[in-house]
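These notes concern the structure reproduced below.
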Amino acid sequence: MRILRAAHLGMCFGVRDAIALALAHAEAGPLTILGDLVHNPTVLGALEAKGIAVAQDVAHVETPTLMVTAHGTSERTLARTRARGLTVVEATCPLVHVAHRAVTALAREGYHVVIVGQRDHVEVRGLTGDLDRFDVVLERRDVLALEEHPRIGVAAQTTQAVEKVRYLVDLIRRRFPQSDVRFVDTVCKPTKERQSAAVELARQADVVIVVGGRSSNNTRELVKTCAGYCARVHHVQTDADVRPEWLDAAQVVGLTAGTSTPDDVIDRVEARIRLCAEARGPKGGGGR
Ligand code: SF4
Numbered sequence: 006m007r008i009l010r011a012a013h014l015g016m017c018f019g020v021r022d023a024i025a026l027a028l029a030h031a032e033a034g035p036l037t038i039l040g041d042l043v044h045n046p047t048v049l050g051a052l053e054a055k056g057i058a059v060a061q062d063v064a065h066v067e068t069p070t071l072m073v074t075a076h077g078t079s080e081r082t083l084a085r086t087r088a089r090g091l092t093v094v095e096a097t098c099p100l101v102h103v104a105h106r107a108v109t110a111l112a113r114e115g116y117h118v119v120i121v122g123q124r125d126h127v128e129v130r131g132l133t134g135d136l137d138r139f140d141v142v143l144e145r146r147d148v149l150a151l152e153e154h155p156r157i158g159v160a161a162q163t164t165q166a167v168e169k170v171r172y173l174v175d176l177i178r179r180r181f182p183q184s185d186v187r188f189v190d191t192v193c194k195p196t197k198e199r200q201s202a203a204v205e206l207a208r209q210a211d212v213v214i215v216v217g218g219r220s221s222n223n224t225r226e227l228v229k230t231c232a233g234y235c236a237r238v239h240h241v242q243t244d245a246d247v248r249p250e251w252l253d254a255a256q257v258v259g260l261t262a263g264t265s266t267p268d269d270v271i272d273r274v275e276a277r278i279r280l281c282a283e284a285r286g287p288k289g290g291g292g293r
């Protein structure tokens, strides 16, 4: 059996930098993070062990310093934070800033903003938090429920699958042929790289294992993408989730991971796959 890693996988620079910033500030004094820094239980556990608190709302922060995550937040939330006298540490990913600037420009130019993303996701709340009117779409039925506007400006949550975003933009254009529909592609480069590498991987593998948090949007998107090219796809959070029977008769096991998955978690999953294959002997496909 051979284990094949995707050409691009795992933690992106935005998440890596945000974690480093949180740890550096936690050394200097008590710190609260606004929302989940990353959607990965392993990373969250490590931050908690350093005494870093998490609050879902500015009103619940009890430390003098608050950190905004890589997902970013709205100007309104920042203003509310500063009004409480809190010091703000911003770990917003530069590529999320790009999406914010795109949305601001669309709204300023008179476009009705439509975001392709998950309505309740912290990044989408940040992208829409300064707008009085907007829509969020994720499925075909959401597009069918949209109202007509003369100008519609579409941007996306940075971790959406770009193919799906393009499909929904196309649907919006067909639904409102009279409207000026402008699309700004704000899906980030690391997400695109991981998606296309996952397709390459799934095409070659008998089994694909995707590593990442259950609530990580980009990990779930990777699972869906791989499932389009490989019938045996499994989502695990840690090595403990890997089941030996998944490897039955597999010659090539593909391995990929979401943008919030640390390297050591991926390494442990790979080691466990190898162990399981060895324990099952020739039935599991044998050594590497
Ligand atoms: S997924 Fe993309 S936008 Fe989000 S933190 Fe990583 S690089 Fe930045």
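The sequence shown begins at 6 in our numbering and counts up one residue at a time.
Note that the Cβ used here is the ideal one computed from N, Cα and C, for glycine as well.
All of these numbers come straight from a predicted model, not from anything done at the bench.
Exercise. Does the distance from the CB of Ser-220 to the CB of Asp-41 come in under 9 Å?
Worked result: yes
Problem set entry | Nearest-angstrom Cα separation, counted from Arg-225 out to Gly-292 | Interpretation of Gly-292 is limited by its pLDDT of 40, a score under 50 that renders its predicted location unreliable; no figure is taken from the coordinates.
Problem set entry | Residue of Asp-190, Val-192, Val-174 and Thr-191 minimising C-alpha distance to Ser-184 | Val-174
Exercise. What residue from Ser-265, Glu-53, Val-101 and Gly-56 has the CA that sits closest to Val-73's CA?
Worked result: Val-101
For this session: Can you say whether Ala-254 is buried or exposed, counting buried as having 16 or more other CB atoms within 10 angstroms of its CB?
Result: exposed
Problem set entry | Per-residue DSSP class, three states only, for Ala-161 | strand
For this session: Return the first residue and the last residue of the beta strand (DSSP E) that His-65 is part of.
Result: Per DSSP, His-65 belongs to no beta strand (DSSP E) and is neither H nor E.
For this session: Report all residues from its chain with a CB closer than 6 Å to the CB of Val-186; omit the five preceding and five following residues, and keep chain order.
Result: Ile-157, Ile-177 and Arg-178
Exercise. Is Arg-10 near Leu-206, with beta carbons less than 9 Å apart?
Worked result: yes
Problem set entry | Secondary structure of Ala-58, DSSP reduced to three states | strand
For this session: Taking 9 Å as the cut-off, decide whether the C-beta atoms of Ile-120 and Val-94 are in contact.
Result: No, the Cβ-Cβ distance between Ile-120 and Val-94 is not below 9 Å.
Problem set entry | Status (buried if at least 16 other CB within 10 Å, exposed otherwise) for His-65 | exposed
Exercise. Can we count Phe-18 as close to the ligand SF4, meaning its CB is less than 8 Å from some heavy atom?
Worked result: yes
Problem set entry | Length of the line joining the Cα atoms of Thr-164 and Leu-260 | Thr-164 and Leu-260 have their C-alpha atoms spaced approximately 19 Å apart.
For this session: Within its chain, find whatever has a CB closer than 7 Å to the CB of Ala-203; leave out the 5 residues flanking it on each side and keep chain order.
Result: Ala-11, Leu-227, Thr-230, Cys-231 and Thr-261
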